[in-house]
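J.: Residue numbering for the sequence shown follows our numbering, beginning at 41 and increasing consecutively. All C-beta atoms in this analysis are idealised placements derived from N, C-alpha and C, irrespective of residue type, glycine included.
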Amino acid sequence: TTTYNNDNIPSCFRAREHNISASYYGNMPKPFINLGMPKMGSTSLQSFFKCGHYNSSHYECGKEFCADCMKRAVANGNPPLSSCGENYDAFVQLDDGSMFPQIEYLNEIHREKPNSTLLLTFRPMADWYKSITHWPPNADKINKPLLMSNRMKRANITNFPSGKGTNEAEFSNWFCGHVERVREFVALHPSHALVEVDIMNNNVGVRLGEVFGIESSCWGHSNKNPVMESDQ
41 TTTYNNDNIP SCFRAREHNI SASYYGNMPK PFINLGMPKM GSTSLQSFFK CGHYNSSHYE
101 CGKEFCADCM KRAVANGNPP LSSCGENYDA FVQLDDGSMF PQIEYLNEIH REKPNSTLLL
161 TFRPMADWYK SITHWPPNAD KINKPLLMSN RMKRANITNF PSGKGTNEAE FSNWFCGHVE
221 RVREFVALHP SHALVEVDIM NNNVGVRLGE VFGIESSCWG HSNKNPVMES DQ
């Protein structure tokens, strides 16, 4: 497993760790909304916020997928977050691996919660690609269409049309574009704080603990894929 310690790696693959003033630490505005990709630490974020006594949603909003609920809410002209979980302090995964509200409904999320704290998670692209091409475990041997990478390739996501995703480079380019778009969006809408998290950094628990006022011991690796040394 590699980490982001090479200054030659493009900035869209490296989490920025010093872009938030320490004066905001422990008092970040809710809700906390993860705009990152699946298999990039969302389960660990869910455990982290729950350990910190926040009401947190992880891809399910009530009895349905957040993605389905938000799609219906936006189609009906309703706000996507409160329509799908009025009492959630944190949304740690909006997508279902096929439909991505963090991409399709970023403007709607901003209009509803203009002061929300946004998150982006990072991990080495080779690790991420290996994870999504082997998740869920054994699907590559039993039912390949169920693989997350194959579902994403079929989904026709904005900036990732159907048929894209034949290799790691295409997934990496899409991820890079998403990071750049989110950073540009926050620059245009500075009412949001953007917390960028390298989930492979040995100090990630300490940093998240400082930012959100939660014990650093609440961070840990969750939802590991058996084919990976470390997966979340």
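Which of the three DSSP states, helix, strand or coil, is assigned to E224?
T.: E224 falls in the helix class under three-state DSSP.
J.: What residues in its chain sit with their C-beta under 7 Å from that of S189, if we drop five residues either side in the sequence?
T.: I172, T173, G205
J.: Give the C-beta separation of V132 and L85 to the nearest angstrom, bearing in mind that I take them to be a contact with Cβ-Cβ under 8 Å.
T.: Contact between V132 and L85 holds: their C-beta atoms lie close to 4 Å from each other, under 8 Å.
J.: How many angstroms separate the CA atom of H93 from the CA atom of Y128?
T.: 11 Å
J.: Where are the alpha helix (DSSP H) runs, 4 residues long or more, that stay fully inside the stretch 92-163, in chain order?
T.: 106-115, 141-144, 146-152
J.: If you count every other CB in all the chains shown that lies within 10 Å of the CB of S34, and 16 or more means buried, which is it?
T.: Nothing in the structure corresponds to residue 34, since the chain is present only between 41 and 272.
J.: For L159, which of G260, M165, L146, M110 has the nearest alpha-carbon?
T.: L146
J.: Short of 8 Å in beta carbon distance, which residues of its chain neighbour H229, apart from the five on each side in sequence? Order them along the chain.
T.: The beta carbon of H229 is closer than 8 Å to those of H150, P154 in its chain, skipping five residues each way along the sequence.
J.: Reducing DSSP to helix, strand and coil, say where A55 ends up.
T.: coil
J.: Am I right that V251 and V235 are in contact with their C-beta atoms under 8 Å? What's the rounded C-beta distance?
T.: 6 Å
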